[in-house]
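Novice: Numbering-wise (our numbering), the sequence shown opens with residue 99 and increments by one.
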Amino acid sequence: MSDTLLAAGEALAATLMAETAALKVPGHPQAGALGAAKTAALETFATLLAADPPPPRQMRAMLLLARLRHLADANQAALESALRVQAAVLEVLHDAMQRGEAAGGQAAVSFRV
């Protein structure tokens with residue numbers, strides 16, 4: 099595994115860890131920016147991996163790929179959790195709007211889904 103590919107894999111790992119941590123803090127403003135950084139890091143890693151794949155069964159490559167898989171799974175779980183929180187927020191807002199309209203008033207909040 100080349101040093102360049104290893105560095106790209108480590109950069110991807112660091113970005114996955116940072117985004118996962120940000121997603122665990124409700125309303126964390128960095129989560130959105132880290133999503134873009136994650137995409138860029140992934141594209142770099144994938145391009146380098148396609149151009150110069152490590153030899154089969156190279157221990158360093160196997161360990162890095164296993165680590166990235168673990169981090170990607172944790173990142174996916176954090177993203178799913180953030181989406182559940184967002185759905186709950188939207189449900190509360192929707193219910194509040196319906197109650198306001200049912201009471202004869204206008205909804206104080208407007209949003210599109």
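Using N, Cα and C, we set each Cβ at its ideal position, and we do this for glycine too.
What's the C-alpha gap between R182 and K122?
Specialist: For the purposes of this step, residue 182 is taken as the residue at position 84 of the sequence shown. For the purposes of this step, residue 122 is taken as the residue at position 24 of the sequence shown. Distance between the alpha carbons of R182 and K122: 12 Å.
Novice: Determine whether the beta carbon atoms of E117 and K136 lie at a separation below 8 Å.
Specialist: For this step, residue 117 is matched to residue 19 along the sequence shown. For this step, residue 136 is matched to residue 38 along the sequence shown. Against a cut-off of 8 Å, the Cβ pair of K136 and E117 comes out as a contact.
Novice: Please return the same chain residues whose Cβ sits closer than 6 Å to the Cβ of A134, not counting the five positions on each side in sequence.
Specialist: Translated into the one-based positions of the sequence shown, residue 134 becomes position 36. There are no such residues.
Novice: So what does DSSP say about G125, is it helix, strand or coil?
Specialist: Reading the sequence shown from its first residue, position 27 is the one you call residue 125. Correct three-state label for G125: coil.
Novice: Can you name the start and end residues of the alpha helix (DSSP H) that Q184 belongs to?
Specialist: In the sequence shown, counting from the first residue as 1, residue 184 sits at position 86. Run containing Q184: 157 to 200, per the alpha helix (DSSP H) assignment.
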